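If you're matching positions, the sequence shown starts at 13 in the numbering used here and goes up one per residue.
One structure is given here, and the rest of the page talks about it.
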Amino acid sequence: MSKTFKRKSACYFTAIMLVFIFATLTHAEVKQAPNIVFLFADDLGYADVGCYGHPYAKTPFIDLLAKEGTRFTQFYVTGVTCNPSRTGAMTGIFPARFPKYPADFGFSGRTTITELLKAQGYKTGHFGKWHMGPEDSNGTYGIDTIKTIGKSQDSSKGRDDELYSAAIKFIKENKAGPFYVNIWGHSTHFPVNTPQSLVNKFKSVQLDRNDFSPTIQQKFDESFAINKNLDESMQQYLGDVYQIDLNVGRILKTLDDLGLKENTIVVFSSDHGPAPVKLGSQGIREYSKNMLGYAGEFRGGKHSQLEGGIRVPFIIRWPGHVKAGRVDSENVCSFIDWLPTLSAIAGVKQLPNRLDGEDISTAWFGEQRQRQQALYWKTSSTRSAPAIRVGDWKMHLPRKNRGSIELYDVVKDPGESNNLAMEYPEVVALLRKQLRVWDSELPTEYAKKK
13 MSKTFKRKSA CYFTAIMLVF IFATLTHAEV KQAPNIVFLF ADDLGYADVG
63 CYGHPYAKTP FIDLLAKEGT RFTQFYVTGV TCNPSRTGAM TGIFPARFPK
113 YPADFGFSGR TTITELLKAQ GYKTGHFGKW HMGPEDSNGT YGIDTIKTIG
163 KSQDSSKGRD DELYSAAIKF IKENKAGPFY VNIWGHSTHF PVNTPQSLVN
213 KFKSVQLDRN DFSPTIQQKF DESFAINKNL DESMQQYLGD VYQIDLNVGR
263 ILKTLDDLGL KENTIVVFSS DHGPAPVKLG SQGIREYSKN MLGYAGEFRG
313 GKHSQLEGGI RVPFIIRWPG HVKAGRVDSE NVCSFIDWLP TLSAIAGVKQ
363 LPNRLDGEDI STAWFGEQRQ RQQALYWKTS STRSAPAIRV GDWKMHLPRK
413 NRGSIELYDV VKDPGESNNL AMEYPEVVAL LRKQLRVWDS ELPTEYAKKK
């Protein structure tokens with residue numbers, strides 16, 4: 013055998029081995045479980061950030077997240093207030109199914125996404141707002157580190173500064189991964205009293221009502237009745253949103269500095285629509301001129317099952333997997349899908365029985381998919397009125413059957429302004445039957461702490 017042949021053979025063998033090793037490494041990198049960072053704002057409206065259409069907001073880091081990932085325009089939460097929204101995301105179960113109100117009693121033994129990921133080898137953390145039951149010690153729901161941090165002591169940096177700092181510390185300590193972390197802030201929940209240093213960023217803002225849709229005009233009237241200076245009220249609110257954005261920027265920088273960007277799923281969203289100016293609590297009415305959260309073209313807000321109460325911003329970034337700069341206006345998705353979707357991505361083999369959500373990972377990866385299961389909303393009260401979305405249709409039943417059924421094509425009429433119930437009786441009949449079947453599965457009474 014000639015030396016030339018031996019040399020060529022050796023080179024060929026080496027090249028083949030390098031290709032094999034490279035392919036193996038690449039395969040390992042693709043198969044490596046991703047880190048997951050879940051950024052949840054409180055009471056933030058659908059259109060409160062720049063990339064969702066606010067005319068004055070400064071949210072460069074959230075907008076950057078959308079530029080580097082995908083922004084969804086038909087994404088829903090599972091409840092109209094804080095706990096039901098969190099319940100659906102954590103368990104994949106519609107909150108109305110729980111006979112004991114989870115805010116008071118916890119999830120009644122239901123398996124959570126954090127327990128599933130913990131079993132897959134994830135380090136799990138939770139920082140900020142809790143509102144998921146009476147127990148919040150380390151280990152609850154399979155969460156290794158829990159810090160239910162309230163408003164920051166150093167108010168000059170905004171109220172969420174400390175909880176984001178604690179989350180950053182957790183990320184650094186668990187950079188070897190994989191890790192899952194809830195970073196659930198308090199802004200823009202009532203009351204909005206923003207540090208002057210943040211308000212000053214918007215001192216040039218002069219509110220022009222024509223820059224906003226008709227859906228917020230009543231809120232402007234109510235705020236004006238409390239304080240004639242609407243500019244000041246808007247500046248306060250914008251400053252609170254801005255501090256959310258600054259904290260999102262801190263998280264993105266941390267991931268960059270640690271070299272974790274490529275294998276980390278980052279999601280930014282809100283727990284439901286914006287709070288009203290008039291806030292009711294146990295028969296007491298409070299008023300805050302600064303509650304100027306914006307749901308864009310949608311009617312309603314917090315406490316409402318109209319689109320403004322349940323449709324939220326949802327941005328996801330995962331380089332190489334989720335398409336950059338994409339806007340998904342077709343897929344109908346919900347946080348009820350959070351558990352099954354992340355489970356599929358993380359390789360969880362055994363899911364809890366009878367989940368209400370479905371795996372929508374293909375939608376996250378850019379495909380158009382047909383939703384298999386309807387979306388439902390109902391508060392934890394036997395007397396409350398349910399709502400359903402199937403395809404383009406959304407239907408609201410009246411409370412105790414008093415009043416009229418409302419049917420909307422929320423693709424053509426996202427503001428729910430044209431009730432089509434009389435024009436499409438066959439659709440009403442079909443959805444009412446489906447809704448009543450679902451409603452019949454719910455508890456006949458609910459327990460809440462007094």
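Just so it is clear, CB atoms sit at the ideal spot from N, CA and C, and this is done for glycine as well.
Note that the structure is a prediction, hence the values are computed from the model and not measured.
Query	Result
Nearest-angstrom Cα separation, counted from residue 391 out to residue 92	8 angstroms
Same chain, Cβ closer than 6 angstroms to residue 257, neighbours up to 5 away in sequence not counted	71, 73 and 74
Where residue 171 sits in the DSSP three-state scheme	coil
Rounded C-alpha distance that separates residue 122 from residue 363	11 angstroms
Same chain only: Cβ atoms within 7 angstroms of residue 234, ignoring 5 sequence neighbours per side	289 and 290
Residue 408 - partner residues in DSSP beta bridges	399 and 418
Chain-order list of residues whose beta-carbon lies under 6 angstroms from that of residue 35 (same chain, five-residue window excluded)	Note that residue 35 has pLDDT 37, beneath the 50 cutoff, so the model's placement of it is unreliable and no number is given.
Simplified DSSP state of residue 104, which is helix, strand or coil	coil
Proximal residues to residue 40 (C-beta, below 7 angstroms), its chain only, five neighbours per side dropped	Model confidence at residue 40 stands at a pLDDT of 32, short of 50, so the residue's coordinates are unreliable; what they give is reported in the following sentence. The answer is none, since no qualifying residue turns up.
Residue 396 to residue 411 span [Cα, whole Å]	6 angstroms
Residue 215 burial status per 10 Å Cβ neighbour count (16 or more: buried)	exposed
Simplified DSSP state of residue 194, which is helix, strand or coil	strand
DSSP bridge partner residues for residue 278 (one or two, in chain order)	49 and 329
From 140, 373 and 170, residue whose alpha carbon lies closest to that of residue 193	140
Euclidean distance between Cα positions of residue 188 and residue 355	20 angstroms
Closest by C-alpha distance to residue 425, when choosing among 404, 217 and 79	404
Helix, strand or coil at residue 254 [DSSP, three-state]	helix
Residue 158 - partner residues in DSSP beta bridges	138
Cβ neighbours of residue 225 in the same chain (closer than 7 angstroms, five flanking residues each side left out)	308 and 309
Minimum length 4: unbroken alpha helix (DSSP H) runs contained in the segment 199-268	208-211 and 229-238
Sub-8 angstroms separation of residue 283 and residue 89 beta-carbons	yes
Residue 247 to residue 207 span [Cα, whole Å]	11 angstroms
Simplified DSSP state of residue 440, which is helix, strand or coil	helix
Secondary structure of residue 82, DSSP reduced to three states	strand
Proximity of residue 327 and residue 118 at Cβ, strictly below 8 angstroms	no
Residue 9 - DSSP class collapsed to helix/strand/coil	Not covered by the structure: residue 9. The range shown for the chain is 13 to 462.
Start and end residues, alpha helix (DSSP H) containing residue 354	350-358
Euclidean distance between Cα positions of residue 357 and residue 311	35 angstroms
Beta-carbon proximity check, residue 46 vs residue 275, cutoff 8 angstroms	yes
Span of the alpha helix (DSSP H), counted from its first residue to its last, around residue 367	Premise fails: residue 367 is in no alpha helix (DSSP H) and is neither H nor E.
Inter-residue Cα distance where the pair is residue 171 and residue 94	18 angstroms
Under 8 angstroms between C-beta atoms of residue 137 and residue 160	no
Per-residue burial, residue 456 [other beta carbons within 10 Å of its own, 16 or more giving buried]	exposed
Contact under 8 angstroms by Cβ, residue 444 with residue 409	yes
Three-state secondary structure assigned by DSSP to residue 39	Note that residue 39 has pLDDT 31, beneath the 50 cutoff, so the model's placement of it is unreliable and the number below is only indicative. Residue 39: helix per DSSP, three-state reduction.
One or two residues paired with residue 477 in a DSSP bridge	Since the displayed the chain opens at 13 and closes at 462, residue 477 lies outside it and no answer follows.
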